[in-house]
Amino acid sequence: MDLTDYKQYILPLHGKLFHYASILLRDRSEAEDAVQEVFMKLWKIRDSLDQYNSVEAFAFKVTRNWCLDRIKAKKPVYINNYNTWFDNKTEDADPQKKLETADHLNLLFALLDNLPEQQKLIIQLRELENMEFEEIAEIMDMNINAIRVNLSRARNKIKEEMIKYEHHGKRSNSSITG
Numbered sequence: 000m001d002l003t004d005y006k007q008y009i010l011p012l013h014g015k016l017f018h019y020a021s022i023l024l025r026d027r028s029e030a031e032d033a034v035q036e037v038f039m040k041l042w043k044i045r046d047s048l049d050q051y052n053s054v055e056a057f058a059f060k061v062t063r064n065w066c067l068d069r070i071k072a073k074k075p076v077y078i079n080n081y082n083t084w085f086d087n088k089t090e091d092a093d094p095q096k097k098l099e100t101a102d103h104l105n106l107l108f109a110l111l112d113n114l115p116e117q118q119k120l121i122i123q124l125r126e127l128e129n130m131e132f133e134e135i136a137e138i139m140d141m142n143i144n145a146i147r148v149n150l151s152r153a154r155n156k157i158k159e160e161m162i163k164y165e166h167h168g169k170r171s172n173s174s175i176t177g
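Mapping of the sequence shown onto numbering that gives the first Met the number 0: position 33 corresponds to residue 32, and the numbering continues sequentially without gaps.
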């Protein structure tokens, strides 16, 4: 892979990798450092990138590993919500509707935060990054059936808690993890 190919195929991944690293590290500057490190690593091994079915999936895997190593070395900084990743603007000018939407988003963010890390990452990759199961399996070092099971469990947990909230007006006391 020469410089032109690198610019064409690798550099456009910056936004996705940064977003993914931000989820893992929960710190903007750390995420930017992660992406720079990943880009340097990919440049160093550019001649062997042809052996991978999906360079994008490989880049995500390298990013994941770098971030997990960083997390192990240092306790992560936690963000209170996912507002930086979701656009919660509404066209509706009704203050009641805006308040309800904000409540639902806050509940969703809390539920996502309480998911096991593996399920949280799978939802991130599938729902927000629109990745295929094969790519997620490669990134997560899991088989596709395990990805599907974890995604289904995560969705069901979120759905159950949202229904409980709708019916009772508050989150249940049961733990969402597990």
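C-beta: ideal position from N, C-alpha, C; glycine also.
If you're wondering where the values come from, they're calculated on a predicted model, not measured in any experiment.
Apply the 10 Å Cβ neighbour rule to residue i and answer buried if 16 or more other Cβ atoms are within range, or exposed otherwise.
{"i": "M139", "result": "buried"}
{"i": "K15", "result": "buried"}
{"i": "L24", "result": "buried"}
{"i": "Y81", "result": "Here Y81 scores only 49 on pLDDT, less than 50, and its place in the model is too uncertain to base an answer on."}
{"i": "K158", "result": "exposed"}
{"i": "F85", "result": "Note that F85 has pLDDT 48, beneath the 50 cutoff, so the model's placement of it is unreliable and the number below is only indicative. When all chains shown are included, F85 counts as exposed."}
{"i": "A153", "result": "buried"}
{"i": "I135", "result": "buried"}
{"i": "L111", "result": "buried"}
{"i": "L67", "result": "exposed"}
{"i": "L98", "result": "exposed"}
Tell me the rounded alpha-carbon separation between residue i and residue j.
{"i": "L41", "j": "L10", "result": "10 Å"}
{"i": "L12", "j": "N64", "result": "16 Å"}
{"i": "T100", "j": "L124", "result": "24 Å"}
{"i": "I27", "j": "A20", "result": "Strictly speaking, residue 27 in this sequence is Arg, with Ile absent from that position. Each residue's alpha carbon lies about 8 Å from the other."}
{"i": "M161", "j": "K119", "result": "16 Å"}
{"i": "A210", "j": "H167", "result": "Outside the modelled stretch of the chain, which goes from 0 to 177, sits residue 210, for which no answer is possible."}
{"i": "D93", "j": "E165", "result": "20 Å"}
{"i": "A56", "j": "E36", "result": "16 Å"}
{"i": "R45", "j": "D32", "result": "20 Å"}
{"i": "D1", "j": "Q50", "result": "15 Å"}
{"i": "E137", "j": "K6", "result": "23 Å"}
{"i": "D4", "j": "L48", "result": "11 Å"}
{"i": "I121", "j": "R147", "result": "9 Å"}
{"i": "M130", "j": "A109", "result": "23 Å"}
{"i": "Y77", "j": "L150", "result": "Confidence is the limiting factor: at Y77 the pLDDT is only 40, short of 50, which leaves the residue's position unreliable, though a coordinate-based value still follows. Cα to Cα, the separation comes out at about 23 Å."}
{"i": "I143", "j": "N52", "result": "16 Å"}
{"i": "K71", "j": "Q95", "result": "43 Å"}
{"i": "L114", "j": "V54", "result": "28 Å"}
{"i": "E126", "j": "F132", "result": "11 Å"}
Determine the extent of the alpha helix (DSSP H) in which residue i is found, giving its start and end residues.
{"i": "R152", "result": "I143 to H167"}
{"i": "L106", "result": "P94 to N113"}
{"i": "H6", "result": "Here the sequence assigns Lys to residue 6, which means His is not the residue at that position. Careful: K6 lies outside any alpha helix (DSSP H) and carries neither H nor E."}
{"i": "M179", "result": "The chain is shown only over 0 to 177; residue 179 falls outside these bounds and no answer can be derived."}
{"i": "Q118", "result": "E116 to I122"}
Is residue i near the ligand NAP, in the sense that its beta carbon is under 7 Å from a heavy atom of that ligand?
{"i": "R63", "result": "Only the bare structure without any ligand can be found here, which leaves the ligand NAP out of the picture."}
- Task: Determine contact between the segment 50 to 67 and the segment 23 to 42, defined as no fewer than three beta-carbon pairs at a distance below 8 Å.
- Result: Cβ pair count under 8 Å is three or more, so yes.
- In chain order, each alpha helix (DSSP H) run of at least 4 residues that lies wholly inside the segment 13 to 60: 13 to 24 and 27 to 43
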